[in-house]
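*Asks:* Residue numbers 0 to 112, in numbering that gives the first Met the number 0, belong to the letters of the sequence shown in order.
Heads up, the beta-carbon is just placed ideally off N, CA and C, and yes, glycines get one too.
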Amino acid sequence: MVQYPQLDRTLSAIADPTRRGVLERLGAGSATIGELAEPFGISLTGMKKHVRVLEEAELVTTEKVGRARRCSLGPGRVDDVEAWVDQYRRMLDERLDRLGELLERTKGDQHAR
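#1: How do the region 1-21 and the region 49-63 stand: do at least 3 beta-carbon pairs fall below 8 Å, yes or no?
#2: Quick one: what's got a C-beta closer than 6 Å to GLU62's C-beta in the same chain, skipping five residues either side?
#3: Is the beta carbon of ALA56 less than 8 Å from the beta carbon of THR9?
#4: What residue ranges within the region 36-67 form continuous beta strand (DSSP E) runs of no fewer than 3 residues, ordered along the chain?
#5: When you compare the CB positions of ARG31 and ALA67, do they come within less than 8 Å of one another, or not?
#6: Rounded to whole angstroms, what is the Cα-Cα separation between GLY107 and GLU100?
#7: Can you grab the Cα-Cα spacing for the pair GLU93 / THR60, in whole Å?
#8: Can you name the start and end residues of the alpha helix (DSSP H) that GLY20 belongs to?
#9: Quick one: using the 10 Å Cβ neighbour count with 16 as the cut-off for buried, is MET46 buried or exposed?
#10: Could you check whether LEU58 and LEU22 sit closer than 8 Å to each other, using their CB atoms as the reference points?
#11: Between which two residues does the alpha helix (DSSP H) holding ALA76 run?
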């Protein structure tokens, strides 16, 4: 079985709706952990855990600014997810094409009888 460690980290990170919300929020600009936690109604500790998962996937970076930790979108991208989905889509398209060909042949065989 082929393994995709970065793809696995990225998919795991974006599987959670809170983390997707954090990425959407950071798309508008950097924010502190507290600013990120407030709209979700979760504790700072809870948000730190979400941010840590996003950092491990390289989707978010953080830096200490005074007493706060400021978060920004990271260098990681979802290109690996897009490439995997495209590969999967091509495989499904090929299978559907083969099924269509089989159905056409079967249909032709039935008309010949």
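*Replies:* Straight from the coordinates:
#1: yes
#2: On the sequence shown, residue 62 is found 63 positions in, with the first residue counted as 1. Same-chain partners within the cutoff: ARG69.
#3: Reading the sequence shown from its first residue, position 57 is the one you call residue 56. Reading the sequence shown from its first residue, position 10 is the one you call residue 9. Yes, the Cβ-Cβ distance between ALA56 and THR9 is below 8 Å.
#4: If we require 3 residues or more, the beta strand (DSSP E) runs fully inside the region 36-67 come out as 59-64.
#5: Counting from 1 along the sequence shown, the entry for residue 31 is found at position 32. Counting from 1 along the sequence shown, the entry for residue 67 is found at position 68. A small correction: the amino acid at residue 31 is Thr; Arg does not occupy that position in the sequence shown. It is a contact, given that the beta carbons lie within the stated cut-off.
#6: Translated into positions along the sequence shown, residue 107 becomes position 108. Translated into positions along the sequence shown, residue 100 becomes position 101. The straight-line gap from Cα to Cα measures roughly 11 Å.
#7: Counted from its first residue, the sequence shown places residue 93 at position 94. Counted from its first residue, the sequence shown places residue 60 at position 61. The alpha-carbon atoms of GLU93 and THR60 are separated by roughly 40 Å.
#8: The residue you call residue 20 lines up with position 21 of the sequence shown. Counting along the chain, the alpha helix (DSSP H) containing GLY20 begins and ends at 16-25.
#9: Taking the first residue of the sequence shown as position 1, residue 46 is located at position 47. By the 10 Å Cβ count, MET46 comes out buried.
#10: Reading the sequence shown from its first residue, position 23 is the one you call residue 22. Reading the sequence shown from its first residue, position 59 is the one you call residue 58. Yes; because the gap between Cβ atoms is below 8 Å, this pair is in contact.
#11: For the purposes of this step, residue 76 is identified with residue 77 of the sequence shown, where counting begins at 1. Per the sequence shown, the amino acid found at residue 76 is Arg instead of Ala. First-last for ARG76: undefined, no H or E at that position.
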